[in-house]
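Asks:
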Amino acid sequence: MEITWYGHSCFRLTERNYATVVTDPFDNKSIGYSALKLKADIVTVSHDAPGHNNVDAVKGASHVIDGAGEFEIGGVFVTGVATDGGGAGKKKGKGSANNTIYVFDYDGITIAHLGDLKQTPTQSEIESLGTINVALVPVGGGGGLNAAKAAEIISLIEPNLVVPMHYSTPAVKLSLDSLSKFVKEMGLSKPETQPSLKVTRSSLPDETHVVVLEYQTS
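Position 195, counted from 1, in the sequence shown is what our numbering calls 1551; the numbers after and before it change by one each time, with no gaps.
Pasting the structure below:
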């Protein structure tokens, strides 16, 4: 399967013969980056904010998922886990702090999109995620995790691969921390960037490995 980053928290997940997913499409007038022109079968929204909920930017989406639950669409199993106080009985309102983590299972390869996670998930929330192969993690602060919190949560989830998101780039209008803070927090040398991430079961490393993607224009 292939993971492509379009800036901020927006990714496209594709695999032949499976539904295509776009996560957290943004309003480029508010956020920056190029206007999105994407197609997908499924769109997920981690929370109701312009950086994450511009569903109209994605064409062809027959399913929009904006909260917790379990779904099977086009061969992809999607699990939404409410975090940051968004559990049962909590009111989910516009502009609320609630967040949904989504786990996408493509024939046994699991990708977790942490959305705009702000605080360390509870033990039960971590267990709800199951085994994670690839974690898409906010690292630049703002509304989401800063570098230190991101590193802490990565150590709890123990994914094979980590793709940082939601950090400062030349194209973003928001005030966010740079990627270098996260790189330093993880004890890495300057990582190389690549245009997309292709994942197979046999390519997954045993130890957690950070992959930095270049944001693409759609």
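For glycine and all other residues, C-beta sits at the position ideal for the given N, C-alpha and C.
Note that the structure is predicted; figures quoted are calculated from it, not measured.
In angstroms, rounded to a whole number, what distance separates the CA positions of residue 1530 and residue 1462?
Replies: 32 angstroms
Asks: What whole-angstrom Cβ distance do residue 1517 and residue 1565 have, given they're in contact under 8 angstroms?
Replies: Their Cβ separation, rounded to whole angstroms, is 6 angstroms, which keeps residue 1517 and residue 1565 in contact under 8 angstroms.
Asks: Any idea which residues DSSP pairs residue 1513 with across the strands?
Replies: Paired residues: none, contrary to the question.
Asks: Roughly how many whole angstroms lie between the Cα atoms of residue 1550 and residue 1558?
Replies: 19 angstroms
Asks: Ignoring anything shorter than 4 residues, give me the alpha helix (DSSP H) runs that lie fully in the region 1376-1463, in order along the chain.
Replies: Taking only runs of at least 4 residues, the alpha helix (DSSP H) segments lying wholly in the region 1376-1463 are 1384-1387.
Asks: Would you list the residues sitting across from residue 1358 in a DSSP beta bridge?
Replies: 1370, 1554
Asks: Could you tell me the distance, in whole angstroms, from the CA atom of residue 1464 to the CA atom of residue 1416?
Replies: 26 angstroms
Asks: Leaving out the 5 sequence neighbours to the left and right, which residues in its chain are closer than 6 angstroms to residue 1371 when beta-carbon positions are compared?
Replies: Closer than 6 angstroms at the Cβ level, and outside the excluded window around residue 1371, lie 1357, 1462.
Asks: Near residue 1504, which residues of its chain fall below 7 angstroms by C-beta distance, leaving aside the five closest residues on each side in sequence?
Replies: 1541
Asks: Would you tell me roughly how many angstroms separate the C-alpha atoms of residue 1403 and residue 1379, rounded to the nearest one?
Replies: 11 angstroms
Asks: At the level of alpha carbons, what is the spacing between residue 1407 and residue 1560?
Replies: 30 angstroms
Asks: Under 8 angstroms, do residue 1488 and residue 1459 count as touching if we go by C-beta distance?
Replies: yes
Asks: Would you tell me roughly how many angstroms separate the C-alpha atoms of residue 1511 and residue 1492, rounded to the nearest one?
Replies: 14 angstroms
Asks: Is the CB-CB distance between residue 1414 and residue 1395 below 8 angstroms?
Replies: yes
Asks: Express the C-alpha separation of residue 1499 and residue 1545 in angstroms, rounding to a whole number.
Replies: 26 angstroms
Asks: Using C-beta distances below 8 angstroms, list every residue in its chain close to residue 1509, excluding the 5 sequence neighbours before and after it, in chain order.
Replies: 1470, 1473, 1476, 1477, 1493, 1501
Asks: In whole angstroms, what separates the C-alpha of residue 1543 from that of residue 1534?
Replies: 15 angstroms
Asks: Along the alpha helix (DSSP H) that carries residue 1482, what are the first and last residues, could you check?
Replies: 1479-1485
Asks: Can you tell me the Cα-Cα spacing of residue 1574 and residue 1485, whole angstroms?
Replies: When rounded, the distance between both Cα atoms is 30 angstroms.
Asks: Under three-state DSSP, which class holds residue 1535?
Replies: helix
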